[in-house]
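Position 62, counted from 1, in the sequence shown is what the numbering used here calls 62; the numbers after and before it change by one each time, with no gaps. The C-beta atom is built at its ideal place from N, Cα and C for all residues, glycine as well.
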Amino acid sequence: MKSYRLLYPMRTYLVVAGRGEEANVMAADWVTIVSARPFMVGVAIAPQRHTWKLVKKYREFVISVPGVDMLDDVWIVGTKHGPEKLKETSIELVPSKAIETPSIGNALANIECKLVDERDYGDHTWFVGEVVSGSAREDAFSGDRPNLEAGFLAHLSWTDFVTFENKIYRPGR
Ligand SMILES: Cc1cc2nc3c(=O)[nH]c(=O)nc-3n(C[C@H](O)[C@H](O)[C@H](O)COP(=O)(O)O)c2cc1C
């Protein structure tokens, strides 16, 4: 087993980069919160990815949260390269609120980021973005926590994905 699998299951996200005809989407597991205030997120992208070039070029990106209903599209954008693949998917690119990089209209949420830092570690580049705006579906994010019935997607191993059981565990009970 690859040693990084010890950190799995990990949530799977979509990264949008580029604009207009150049707009592209890839799948990414290696996404994290870097700072709460200001809200900053990081994503590790390998230099072979077309998305890597677009983040470098436009210095912005969107992290989208797919539902398990988008799994076939996640797989396409996670295994094929460049904007042509989007024609094979039902991904709806829609204007973002604060940046030129589009968001994904049929995702559960979109986090719009302006690139503030980048650093190469081994075979990936960590891109850190400051979150400048975003959007979220109310049925997936209302009250003080995400609604598990929305079907958040997590990655188990190469072709295997899971979603969350709708059961809450609390310490001390
Ligand atoms: C579930 C899943 C998660 C992935 N996570 C990452 C990741 O975190 N970083 C990365 O560089 N590539 C990741 N990939 C690979 C890219 O999504 C894949 O190489 C994609 O085809 C790149 O598209 P692009 O060349 O159009 O940018 C992942 C693939 C899948 C299927």
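*Entirely within the segment 15-52 and at least 3 residues each: give me those beta strand (DSSP E) ranges in chain order.*
24-28, 31-35 and 40-45
_Determine whether the beta carbon atoms of W158 and A44 lie at a separation below 8 Å._
no
*asked:* Could you compute how far the alpha carbon of F39 sits from the alpha carbon of H124?
replied: 22 Å
_Under 7 Å: does the beta carbon of W126 sit that close to some heavy atom of ligand 1?_
no
*Could you tell me which residues DSSP pairs with E92 in its beta bridges?*
Note: E92 sits in no beta bridge, so no partner.
*Taking the C-alpha atoms as reference points, what is the distance between L86 and V25?*
8 Å
*Roughly how many angstroms lie between the CA atoms of P180 and K167, to the nearest whole one?*
A query on residue 180 cannot be resolved here, the shown segment of the chain reaching from 1 to 173 and no further.
*With respect to the beta strand (DSSP E) encompassing L156, which residues constitute its N-terminal and C-terminal limits?*
A154 to S157
*Rounded to a whole number of angstroms, what is the C-alpha to C-alpha distance between E130 and R11?*
20 Å
_Identity of the residue in H81, F152, V16 and E21 nearest D69 by Cα_ = F152
*beta strand (DSSP E) containing T125: first to last residue?*
H124 to A136
_Same chain, Cβ closer than 8 Å to T101, neighbours up to 5 away in sequence not counted_ = V16, A17, G18, R19, A23, Y58, E60, F61, V62 and E112
*asked:* Given the structure, does I45 come close to ligand 1, in the sense that its CB is under 7 Å from one of the ligand's heavy atoms?
replied: yes
*From I104, V34 and L148, residue whose alpha carbon lies closest to that of V162*: L148
*beta strand (DSSP E) containing D139: first to last residue?*
Element bounds for D139: n/a, residue is neither H nor E.
_V74 - containing alpha helix (DSSP H), residue span_ = L71 to T79
*asked:* Comparing C-alpha positions only, which one of A150, P171, R173 and G172 sits nearest to E165?
replied: A150
*Would a C-beta distance cut-off of 8 Å place G134 and N106 closer than the cut-off?*
no
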